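One structure below.
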Amino acid sequence: MRILLTNDDGIHAPGLVALEKIARALSDDVWICAPEYEQSGASRALTLSDPLRVRRLDDRRFAVEGTPTDCVMMAVQQLIEGPAPDLVLSGVNRGQNLAEDVTLSGTVAGAIEGMALGIRSIALSQAMNYFHD
10 MRILLTNDDG
20 IHAPGLVALE
30 KIARALSDDV
40 WICAPEYEQS
50 GASRALTLSD
60 PLRVRRLDDR
70 RFAVEGTPTD
80 CVMMAVQQLI
90 EGPAPDLVLS
100 GVNRGQNLAE
110 DVTLSGTVAG
120 AIEGMALGIR
130 SIALSQAMNY
140 FHD
């Protein structure tokens with residue numbers, strides 16, 4: 010199974026590192042394409058007026074100066090060699106994506122873009138307690 014990972018917290022985010030470990034337990038065909046910089050709250054924004062700069066970190070890992078939607082589109086249409094992914098996993102987001110916040114989430118947008126391209130997709134978020142007793 011070919012899996013594409015993305016997120017909105019950036020290419021070096023701890024949630025993406027955790028998701029990669031999970032994905033590699035499921036498949037040896039894992040590709041990663043995530044924003045170079047944090048894109049929280051980007052929703053389904055596209056980069057239209059600036060060039061998309063892509064940095065190859067290794068054979069199957071790319072950082073894009075763009076949004077999660079840009080990352081999924083770029084990976085599926087330009088970067089992944091061979092067939093399209095069977096699954097897009099977006100996350101793990103730092104924080105909850107609940108209620109009306111779902112419409113703002115770049116993490117959710119990454120999964121929506123995968124679905125728009127005809128690929129099964131899942132967005133993952135982690136609920137965190139920001140208040141300590």
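Under the numbering used here, think of the first position of the sequence shown as 10, with each following residue one higher. Glycine included, each C-beta is placed from N, C-alpha and C at the ideal position. Because the structure is a prediction, the values reported are computed rather than measured.
For residue i, does the count of other Cβ atoms within 10 angstroms reach 16, so buried, or fall short, so exposed?
i: Asp17; result: buried
i: Gln48; result: buried
i: Glu122; result: buried
i: Asp67; result: exposed
i: Ala22; result: buried
i: Pro92; result: exposed
Between the C-alpha atoms of residue i and residue j, what's the straight-line distance to the nearest angstrom?
i: Glu4; j: Val26; result: The structure shown does not extend to residue 4, since the chain spans only 10 to 142, so no value can be given for it.
i: Glu90; j: Gln105; result: 33 Å
i: Ala32; j: Asp59; result: 32 Å
i: Ala54; j: Val81; result: 12 Å
i: Ile128; j: Pro94; result: 7 Å
i: Gln86; j: Ile20; result: 19 Å
Are residue i and residue j closer than 8 Å when you measure CB to CB?
i: Ala118; j: Ser36; result: no
i: Ile41; j: Leu96; result: no
i: Leu28; j: Leu126; result: no
i: Leu98; j: Ile131; result: yes
i: Gly116; j: Asp79; result: The sequence shown places Thr at residue 116, not Gly. Contact: no.
i: Val39; j: Arg65; result: no
Ordered along the chain, which non-local residues of its own chain (more than five positions away) have a Cβ less than 7 Å from that of residue i?
i: Gly24; result: Asn16, Asp18, Gly100, Val101, Asn102, Arg103 and Gln135
i: Ala34; result: none
With a CB to CB cut of under 8 Å and the five nearest residues on each side skipped, what residues in its chain are close to residue i?
i: Met83; result: Cys42, Leu61, Val63, Phe71, Val73 and Gly75
i: Pro77; result: Thr15, Asn16, Asp17, Ala43, Pro44, Gln48, Ala51, Ser99, Gly115, Thr116, Ala118, Gly119 and Glu122
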